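K.L.:
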């Protein structure tokens with residue numbers, strides 16, 4: 004079963020659901036789209052009996068937890084969304100990894116002398132890098148605490164607790180290495196199936212943004228086996244079956260892979276998972292629903308030197324949205340080879356466009372990361 008939710012549903016996803024007549028939960032958003040797409044809507048009672056569930060957005064979590072109580076699906080969602088519980092769950096795989104849960108009240112008075120000199124602090128539940136802070140030395144702690152207190156006040160007004168918790172934070176040691184993200188699902192036997200691997204490039208060490216991710220034949224070939232092994236260990240430890248996920252990991256060397264967090268019941272957000280389709284012809288919705296596994300040797304036969312990416316153009320926060328427009332034509336021309344260009348309702352969303360493309364070379368990725376979105380603002 005598929006659950007459609009805000010903030011964004013791609014045309015590719017909707018057309019796939021229509022073509023295959025996959026089960027779609029009959030909620031308000033699905034009903035709205037059913038006037039344009041002939042969706043196979045099912046009621047809540049029927050939906051509760053579905054063994055496999057995928058959603059484009061974590062906004063569906065509350066409904067799933069309320070309607071799948073005392074199920075393995077609910078257990079896995081709760082385990083993945085609470086970063087502290089997730090760390091506890093995989094401690095047997097990573098026994099030397101430092102992590103600690105602290106409450107908002109404790110942040111202002113806790114003794115950090117036994118913390119690593121450098122660490123990350125973030126909400127136990129979070130999305131889109133909100134409230135994620137790197138502390139490079141203990142001397143920065145007081146400044147970080149002040150920033151967190153201000154952020155908590157702001158985010159608590161706009162997000163449900165399932166997406167952003169303002170009451171509990173997790174402190175984790177910093178993992179040095181390359182950051183990757185994986186779209187994968189576990190089949191009915193608990194075997195992990197990888198549908199795409201993304202490398203997460205950054206402008207600097209302090210950058211925690213999600214501006215762009217890249218995928219390539221090289222990235223997939225170099226990491227497929229080790230990532231499958233890691234997922235297999237996590238799946239066995241946590242008893243994962245019939246479950247899609249978007250998992251972020253750090254590769255510290257050729258054999259050591261440490262998970263950062265798991266986003267349950269979905270693949271890459273804002274339907275950016277669709278990059279697998281534009282780059283490799285993999286329709287992830289069909290692959291997940293039909294238990295298909297990519298033949299990577301065949302798929303990557305002519306892809307070794309190609310670099311694919313998705314990029315998210317963020318709406319500037321320092322400009323009144325009601326008084327601007329964006330030069331979408333100029334934005335599209337900024338990229339070398341666009342595979343799909345999606346305009347986003349920037350008056351309602353934090354993005355004004357999502358771009359899928361094939362990069363000319365690695366220098367274009369740097370150019371994208373350094374892109375100033377203000378350059379595409381038109382005053383009205």
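Residue numbers (this note's numbering): 4 to 383. Cβ atoms here follow ideal geometry from the backbone N, Cα and C, with glycine treated the same way. Computed from a predicted structure; not experimentally measured.
#1: Does the distance from the CB of residue 182 to the CB of residue 202 come in under 9 Å?
#2: Could you tell me which residues DSSP puts in a beta bridge with residue 44?
#3: Given that a residue counts as buried once 16 or more other Cβ atoms are within 10 Å of its Cβ, and exposed if not, what is residue 297?
#4: Let me confirm a value: residue 86 is counted as buried when at least 16 other C-beta atoms fall within 10 Å, else exposed. Which label applies?
#5: Using the rule of at least 16 other Cβ atoms within 10 Å of the residue's Cβ for burial, across every protein chain shown, is residue 223 buried or exposed?
#6: Determine the direct distance from the alpha carbon of residue 243 to that of residue 91, and round the result to whole angstroms.
#7: Compare the beta carbon distance of residue 205 and residue 106 with 9 Å and say whether it is the shorter of the two.
#8: With a threshold of 8 Å, are at least 3 pairs of Cβ atoms found where one atom belongs to the region 324-340 and the other to the region 361-375?
#9: For residue 325 and residue 315, I'd like the C-alpha separation in whole angstroms.
#10: Label residue 292 either buried or exposed according to how many other C-beta atoms from any shown protein chain fall within 10 Å of its C-beta, with 16 as the threshold for buried.
#11: Excluding the five sequence neighbours on either side, which residues of its own chain have a C-beta within less than 7 Å of the C-beta of residue 319, listed in chain order?
#12: Is residue 202 helix, strand or coil by DSSP?
#13: Looking at the structure shown, is residue 39 part of a helix, part of a strand, or coil, going by DSSP?
#14: Assuming residue 148 and residue 110 are in contact, meaning their beta carbons sit under 8 Å apart, how far apart are those beta carbons, in whole angstroms?
#15: What does the alpha-carbon distance come out to for the pair residue 131 and residue 213?
#16: What does residue 360 pair with, by DSSP beta-bridge criteria?
#17: Could you confirm whether any beta carbon from chain C is found closer than 9 Å to the beta carbon of residue 292?
#18: Determine the extent of the beta strand (DSSP E) in which residue 229 is found, giving its start and end residues.
#19: Residue 229 to residue 270, Cα distance in whole Å?
#20: How many whole angstroms separate the CB atoms of residue 50 and residue 4, which I take to be in contact at a CB cut-off of 8 Å?
#21: Alpha carbon to alpha carbon, what distance is there between residue 125 and residue 102?
#22: Between the C-alpha atoms of residue 349 and residue 317, what's the straight-line distance to the nearest angstrom?
#23: Hey, out of 321, 8, 22 and 12, whose CA is closest to residue 289's CA?
#24: Would residue 266 and residue 61 qualify as a contact pair, given that the criterion is a beta-carbon distance under 9 Å?
#25: Count the other CB atoms, across all protein chains shown, that sit within 10 Å of the CB of residue 117; report buried if there are 16 or more and exposed otherwise.
#26: By Cβ distance, which residues of its chain are closer than 7 Å to residue 236, with the 5 residues on each side in sequence left out?
#27: Over the uninterrupted alpha helix (DSSP H) stretch that includes residue 380, give me the two end residues.
#28: Mapping the DSSP letters down to three states, classify residue 186 as helix, strand or coil.
P.N.:
On the basis of the data shown:
#1: yes
#2: 27
#3: buried
#4: buried
#5: buried
#6: 16 Å
#7: no
#8: yes
#9: 20 Å
#10: buried
#11: 376, 377 and 380
#12: strand
#13: coil
#14: 5 Å
#15: For residue 131, the predicted model reports a pLDDT of 46, less than 50, meaning its position is unreliable and no value from the coordinates is stated.
#16: 312 and 341
#17: Note that chain C does not occur in the displayed structure, where there is just one protein chain.
#18: Counting along the chain, residue 229 falls outside any beta strand (DSSP E), though it belongs to the alpha helix (DSSP H) covering 220-241.
#19: 20 Å
#20: 6 Å
#21: 11 Å
#22: 9 Å
#23: 22
#24: yes
#25: exposed
#26: 96
#27: Not the alpha helix (DSSP H): residue 380 falls in the beta strand (DSSP E), residues 380-382.
#28: strand
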